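Engineer:
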Amino acid sequence: MRTATPLRASIGFAFLIMLAVVLYVATLPPPLIVQGQVSADEIDISPRVSGRVTRLNADVGDSVKQGGVLVELTNPELSAALAASKAALTVAESNQRNVETVRPETVTAQKAQVAADQADVDLSQSSYSRQQKLLSTGNTPQADLDQATRNLQAALKKKEADEAELALTIEGASAEQRALAEAQVKQVAAAVAQQAVDVDELRIVAPISGEVTTRIAELGENFSPGAPLYALIDLQNSWMTFNLREDLLAGLKVGDTFRVDIPALGAKEVAVKVTVINVEGQYATWRATRATGDFDLRTFEVRTKPVEPLTGLRPGMSVIAHWHARTR
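And the structure:
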């Protein structure tokens, strides 16, 4: 009987230990499963100028390369304005050449005019001298001498004006005239460049390499500037977002790594790196604890990226993190 008593005591003690272990395990908090989501850069494509769709080169689900033409528009008004500006530029450049160039035939013609003026002066001078002699002998009235005087003065003034014109022709345009002609060319050239850019904008290209997620553009439809035509996602720049209460952020900082599961890919224990920790706006979920004399808890956005490239990762996929396991 003495041997049975210690045995029963040992069994009872072992039972108490097992019971304590069971109670401890039963009272442990369940593992915290944090669910996040894969996101990626999304870009809306819209025209800078208005136009009608004449060609579509991509549809939803297509992969496009940066610089590839997605859609082509037509705008007759822009094309006509560009043609008119190019014609105006041709005129302005021609005018500038005329201003800056002294044509030999122009100088020759002006010299001939001055020579003709000199002949008129000589003739008027001869007539004046003759009338003056006739008046001294009383063979002509004073009126004829006065007329000869006026004719001589007019011939001299015309010669003087044509000589000045010849000097200007030989010298060429003034600095002010040259500057004005140059400014006119620059002004029209700037208009041509701007309208050429507008016409080029009728070909809408992909700003990044990615995948088409939305196509609003339809053949024949007219779109105004800023209206959305396509939406692209950059699958090469994906990240994972978790929204966590601040009491779960203890010890977490940018640059830390932990592991997650991605059910859609059948991937487990994928290493990710924290790249951003941002507080959510005032509209985000709060957990009130003031009823217990504590403080309110805010929600933070934790953004991560895979440490190694992960094929097949797409926006919208769920990401699972075992948060208690992460903190141990």
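Residues 1 to 328 in UniProt numbering are what the sequence shown lists, from first letter to last. Ideal Cβ placement from N, Cα and C applies to all residues, glycine included. None of these values were measured; they are calculated from a predicted model.
1) Can you tell which of Gln195, Ile277, Glu269 has its C-alpha closest to the C-alpha of phenylalanine 242?
2) Thinking C-beta only, is valine 272 closer than 7 Å to threonine 304?
3) Enumerate, from N- to C-terminal direction, the unbroken beta strand (DSSP E) stretches of 3 or more residues contained entirely within the segment 26–62.
4) Is it true that the segment 42–56 meets the segment 213–230, where meeting means three or more beta-carbon pairs spaced less than 8 Å apart?
5) Hey, out of Thr108, Gln153, Gly36, whose CA is closest to valine 302's CA?
6) Just to confirm, is the Cβ distance from glutamine 125 to leucine 152 under 7 Å?
7) For valine 319, tell me which candidate among Arg298, Arg259, Leu297 has the shortest Cα-Cα distance.
8) Can you check DSSP and say which residues form a bridge with isoleucine 320?
9) If we count the other Cβ atoms within 10 Å of its Cβ and call it buried at 16 or more, is isoleucine 17 buried or exposed?
10) Can you check whether the CB of alanine 81 is closer than 7 Å to the CB of glutamine 187?
11) Start and end of the beta strand (DSSP E) containing leucine 235?
12) In three-state terms, what does DSSP make of proline 306?
13) If contacts are defined as beta-carbon pairs under 8 Å, then glutamate 280 and serine 63 qualify, I think. What distance do you get, rounded to the angstrom?
14) Return the Cβ separation of leucine 70 and isoleucine 204 in integer angstroms, given the expectation that the two are a contact with Cβ distance under 8 Å.
15) Could you check where the beta strand (DSSP E) with alanine 267 kicks off and where it finishes?
16) Looking only at DSSP bridge pairs, what is phenylalanine 300 linked to?
17) Is the beta carbon of serine 238 less than 7 Å from the beta carbon of valine 38?
18) Which value, in whole angstroms, describes the spacing of the CA atoms of residue 330 and serine 136?
19) In the DSSP assignment, find the alpha helix (DSSP H) that holds glutamate 176 and state where it starts and stops.
20) Go ahead and pull the three-state DSSP assignment for arginine 215.
21) Could you give the distance in angstroms between the alpha-carbon of alanine 191 and the alpha-carbon of serine 85?
22) Closer than 6 Å by C-beta to alanine 148: which residues in its own chain qualify, once you throw out the five before and the five after it? Chain order, please.
23) For the beta strand (DSSP E) containing threonine 74, list its first residue and its last residue.
24) Quick check on this structure: which residue in Ile233, Ala109, Leu180 has the alpha carbon closest to the alpha carbon of alanine 167?
25) Around the C-beta of glycine 316, are 16 or more other C-beta atoms found within 10 angstroms, so that it is buried, or is it exposed?
26) Quick one: using the 10 Å Cβ neighbour count with 16 as the cut-off for buried, is alanine 155 buried or exposed?
27) Among Leu232, Thr213, Glu201, Gln184, which one has its Cα closest to the Cα of arginine 97?
28) On a CA-only basis, which of Glu105, Asp200, Pro263, Asn95 is nearest glycine 76? Give me that one, please.
29) Compare the C-alpha of proline 207 against each of Gln66, Val270, Ala264 and name the closest.
30) Within its chain, find whatever has a CB closer than 8 Å to the CB of aspartate 120; leave out the 5 residues flanking it on each side and keep chain order.
31) Since I believe isoleucine 262 is in contact with aspartate 41 (beta carbons under 8 Å), could you give me their beta-carbon distance rounded to a whole number of angstroms?
32) Give the DSSP bridge partners of valine 205, in chain order.
33) Should phenylalanine 15 be labelled buried (16 or more other beta-carbon atoms within 10 Å of its own) or exposed?
34) Looking at C-alpha atoms only, which residue of Leu78, Glu269, Leu219, Glu182 is the closest neighbour of alanine 89?
35) May I have the straight-line CA-CA distance separating valine 274 from lysine 268, to the nearest angstrom?
Structural biologist: On the basis of the coordinates in this document:
1) The count along the sequence shown starts at 1 and reaches residue 242 at position 242. Measuring C-alpha to C-alpha distances from phenylalanine 242 to each of Gln195, Ile277, Glu269 identifies Ile277 as the nearest.
2) In the sequence shown, residue 304 corresponds to position 304, counting from 1. In the sequence shown, residue 272 corresponds to position 272, counting from 1. Yes, the Cβ-Cβ distance between threonine 304 and valine 272 is below 7 Å.
3) The beta strand (DSSP E) runs of length 3 or more contained entirely in the segment 26–62 are, from start to end of the chain, 33–45, 51–56.
4) Yes: at least three Cβ pairs fall under 8 Å.
5) Against the sequence shown, residue 302 aligns to sequence position 302. Among Thr108, Gln153, Gly36, the Cα nearest to that of valine 302 is on Gly36.
6) What you label residue 125 is simply residue 125 of the sequence shown in a count that begins at 1. What you label residue 152 is simply residue 152 of the sequence shown in a count that begins at 1. If you check the CB distance, glutamine 125 and leucine 152 come in under 7 Å.
7) As a first step, residue 319 must be located in the sequence shown, where it is residue number 319. Taking valine 319 as reference, the option from Arg298, Arg259, Leu297 with the minimal CA-CA separation is Arg259.
8) The residue labelled residue 320 in the question sits at position 320 within the sequence shown. In DSSP, isoleucine 320 forms a bridge with Gln35, Asp261.
9) Residue mapping note: residue 17 aligns to position 17 of the sequence shown, counting from 1. Exposed, by the Cβ-count rule.
10) Position 187 of the sequence shown, counting from 1, holds the residue named residue 187. Position 81 of the sequence shown, counting from 1, holds the residue named residue 81. Going by C-beta atoms, glutamine 187 is not nearer than 7 Å to alanine 81.
11) Translated into positions along the sequence shown, residue 235 becomes position 235. Element bounds for leucine 235: 230–245.
12) Counting from 1 along the sequence shown, the entry for residue 306 is found at position 306. DSSP places proline 306 in strand when its eight states are reduced to three.
13) Locating residue 280 in the sequence shown gives position 280, where the first residue counts as 1. Locating residue 63 in the sequence shown gives position 63, where the first residue counts as 1. The pair is not a contact, with the Cβ atoms about 33 Å apart (cut-off 8 Å).
14) The residue labelled residue 70 in the question sits at position 70 within the sequence shown. The residue labelled residue 204 in the question sits at position 204 within the sequence shown. Indeed they touch by this definition, with Cβ atoms about 5 Å apart.
15) In the sequence shown, the residue the question calls residue 267 occupies position 267. According to the DSSP assignment, alanine 267 belongs to the beta strand (DSSP E) that extends over 267–279.
16) As a working mapping, residue 300 is identified with position 300 in the sequence shown. For phenylalanine 300, the pairing in a beta bridge is given by DSSP as Leu244, Val279.
17) Against the sequence shown, residue 238 aligns to sequence position 238. Against the sequence shown, residue 38 aligns to sequence position 38. Contact check for serine 238 against valine 38 passes: the beta carbons are separated by less than 7 Å.
18) There is no way to answer for residue 330, as the model of the chain reaches only from 1 to 328.
19) In the sequence shown, residue 176 corresponds to position 176, counting from 1. Counted as a single uninterrupted DSSP element, the alpha helix (DSSP H) harbouring glutamate 176 occupies residues 175–200.
20) The residue given as residue 215 occupies position 215 in the sequence shown. The three-state reading of DSSP puts arginine 215 in strand, counting E and B together.
21) As a working note, residue 191 is residue 191 in the sequence shown. As a working note, residue 85 is residue 85 in the sequence shown. Put simply, the backbone Cα of alanine 191 is about 7 Å away from that of serine 85.
22) As a working mapping, residue 148 is identified with position 148 in the sequence shown. Excluding positions up to five away in sequence, the list reads Ser127, Tyr128, Gln131.
23) On the sequence shown, position 74 is the one that residue 74 refers to. Taken as a continuous stretch (DSSP letters only), the beta strand (DSSP E) holding threonine 74 covers 69–74.
24) Looking up residue 167 in the sequence shown gives position 167. For the options Ile233, Ala109, Leu180, the alpha carbon positioned closest to that of alanine 167 is the one of Ala109.
25) On the sequence shown, residue 316 is found 316 positions in, with the first residue counted as 1. Per the 10 Å Cβ criterion, exposed.
26) Here residue 155 is taken as the residue at index 155 of the sequence shown, counted from 1. Within 10 angstroms of the beta-carbon of alanine 155 lie 16 or more other beta-carbons, which makes it buried.
27) Within the sequence shown, residue 97 is the residue found at index 97, counting from 1. For the residues Leu232, Thr213, Glu201, Gln184, the minimum Cα distance to arginine 97 belongs to Gln184.
28) By one-based count along the sequence shown, residue 76 stands at place 76. Per the sequence shown, residue 76 should be read as proline rather than glycine. Comparing alpha carbon positions, the residue from Glu105, Asp200, Pro263, Asn95 closest to proline 76 is Asp200.
29) Translated into the one-based positions of the sequence shown, residue 207 becomes position 207. Per the Cα distances, Gln66.
30) Here residue 120 corresponds to residue number 120 of the sequence shown, with the count starting at 1. The answer, listed in chain order, is Ala155, Lys158, Lys159.
31) What you label residue 41 is simply residue 41 of the sequence shown in a count that begins at 1. What you label residue 262 is simply residue 262 of the sequence shown in a count that begins at 1. Contact between aspartate 41 and isoleucine 262 is ruled out by a C-beta separation of about 19 Å, above the 8 Å threshold.
32) Translated into the one-based positions of the sequence shown, residue 205 becomes position 205. In DSSP, valine 205 forms a bridge with Val69.
33) Taking the sequence shown and counting its residues from 1, one reaches residue 15 at position 15. With fewer than 16 neighbouring CB atoms inside 10 Å of its own CB, phenylalanine 15 falls in the exposed class.
34) Indexing the sequence shown from 1 puts residue 89 at position 89. According to the sequence as given, residue 89 is leucine; it is not alanine. The residue with the shortest Cα to Cα distance from leucine 89 is Glu182.
35) Taking the sequence shown and counting its residues from 1, one reaches residue 274 at position 274. Taking the sequence shown and counting its residues from 1, one reaches residue 268 at position 268. About 18 Å.
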